[in-house]
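For the record, the sequence lines run as chains X and E. For the record, in the first sequence the residue sitting at position 86 is 86 according to this note's numbering, with numbers rising by one throughout. For the record, in the second sequence the residue sitting at position 92 is 1092 according to this note's numbering, with numbers rising by one throughout.
2 protein chains.
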Amino acid sequence: MDNKNSISKIKEAIERSNEVLDALADLYKVFADATRVKILVALTQSEMCVGDISEFLDITQSAVSHQLRVLKTGGLVKSRRDGKTIVYSLADAHVRTMIDCGMQHITE
Amino acid sequence: MDNKNSISKIKEAIERSNEVLDALADLYKVFADATRVKILVALTQSEMCVGDISEFLDITQSAVSHQLRVLKTGGLVKSRRDGKTIVYSLADAHVRTMIDCGMQHITE
DNA sequence: ATAACATATGAACATTTATTCATATTTTCA
DNA sequence: TGAAAATATGAATAAATGTTCATATGTTAT
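This is the structure we're talking about:
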C-alpha cells in the first residue's frame, strides 16, 4: 500500500536525523523551566550579574548559579568577569528568536 | 544609581508577565523530550495513527499513547477517529514554526 | 596577608517525568 | 452478540531535575 510505503520513508528519515532530533529535544529542555525562562527574558533587556538575578527572582543565589550553569552549558548565555561580579548575557540572537517564537504561540 | 533603577524596572516587568512566562516554560516542556519531538517531526510529514508511530519509533503502544496525550493536552496535536484507528496530526502551523526555529539553532 | 564580597560547587532531598505492564474502553465485522 | 483490533488509562518503578544548605573558590581593598 502507498500509505505503508510513505510511513516507512518517514521512519527512515527520522532514523537518519536521530542525533539532531535528540539535540533538538535537549535544546528545548534548557528552555523548559520557569526560572530559566525568566532569567533569559530578563537578559533580553540587559546583561546582569548573579546577585541581581537572585534578588529580583527571589530565589537563592545558589539556585541562580546552578541554573546559569545549565543555560551556559546549553549555549544560551555567556559570561564575563567584571571585578568581583560575573556578568551574564545572552549568547546570541538565536535565543531571542526562540523566545519570541514561543511567545507568539502563547499570545496568539 | 541608574543601573539599579533599570534592574528594578525589569523586575517589575517580569513580575507583571509572570503567568505568561510560566506558560512559556510549560510550552517548551512539551517539546523537551526526544520521543515527543520525533512524533511531532513525523507528523510534520503526514498524519498518522498510534500504531504507525509505535512501530517506527520502536516503543510500546502504551508509551506512544501517553506521550500523545501530553502533546494533545499541550495543544500541539489534534486527533480524529477513522474507523478503529485514531489519526493524529499537528494542531496548527505554530508547531511547525517552533520546530523550525529550534532546528535553525541546532544546524546554524 | 587577610577580611569581605561575589559566585561556584557538591551532596542531599523532594518532586516530576517517561516507560512498562496489565487492563479497560471503543469500534468493527463475522 | 461476541470476538478481534486499536487505543486509552492507571499503578508502579526508575531516572532525571530543581532547590537548599554548607562550603569552596576567586577577587578586591585595607
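Beta carbons are placed, not taken as given, at the ideal position from N, Cα and C, and that holds for glycine. All values reported here derive from a predicted model rather than from experimental measurement.
Beta carbon proximity, Glu-108 (chain X) to chain E, threshold 8 Å: Glu-108 (chain X) counts as touching chain E.
Could you name the residues of chain X that Ala-1023 (chain E) contacts, counting a contact when the two beta carbons are closer than 7 Å? Residues of chain X whose Cβ lies closer than 7 Å to the Cβ of Ala-1023 (chain E) are, in chain order, Ile-106.
Alpha carbon to alpha carbon, what distance is there between Leu-76 (chain X) and Val-95 (chain X)? In a straight line, the C-alpha of Val-95 (chain X) is about 6 Å away from that of Leu-76 (chain X).
Near Lys-38 (chain X), which residues of its chain fall below 8 Å by C-beta distance, leaving aside the five closest residues on each side in sequence? These residues qualify, in order along the chain: Leu-57.
Rounded C-alpha distance that separates Thr-35 (chain X) from Thr-60 (chain X): Rounded to whole angstroms, Thr-35 (chain X) to Thr-60 (chain X) spans 11 Å at the Cα level.
Which residues of chain E have a Cβ atom closer than 8 Å to the Cβ of His-94 (chain X), listed in chain order? Neighbours of His-94 (chain X) on chain E, chain order: Gln-1104, His-1105, Glu-1108.
Secondary structure of Lys-1038 (chain E), DSSP reduced to three states: Lys-1038 (chain E) sits in a helix when the DSSP states are folded into three classes.
Contact residues within the segment 1062–1076 of chain E, judged by C-beta distance below 7 Å to chain X: Result list empty, no residue passes.
So the alpha helix (DSSP H) Ser-1062 (chain E) belongs to, where does it begin and stop? Here the alpha helix (DSSP H) through Ser-1062 (chain E) covers 1061–1073.
Per the contact definition of three or more C-beta pairs closer than 8 Å, is the segment 67–76 of chain X in contact with the segment 24–32 of chain X? With the cut-off at 8 Å, the segment 24–32 of chain X and the segment 67–76 of chain X touch.
Pull out every residue of the segment 1018–1043 of chain E whose Cβ sits closer than 7 Å to any Cβ of chain X, in chain order. From the segment 1018–1043 of chain E, only Val-1020, Leu-1021, Asp-1022, Ala-1023, Leu-1024, Ala-1025, Leu-1027, Tyr-1028, Lys-1029, Phe-1031, Ala-1032, Asp-1033, Ala-1034, Val-1037, Lys-1038, Val-1041, Ala-1042 have a Cβ closer than 7 Å to chain X.
Helix, strand or coil for Asp-82 (chain X), going by three-state DSSP, please let me know. Reduced to three states, the DSSP call for Asp-82 (chain X) is strand.
List the whole-angstrom C-beta distance separating Ser-54 (chain X) from Val-70 (chain X), where the pair is believed to meet the contact cut-off of C-beta under 8 Å. Not a contact, Cβ separation roughly 15 Å.
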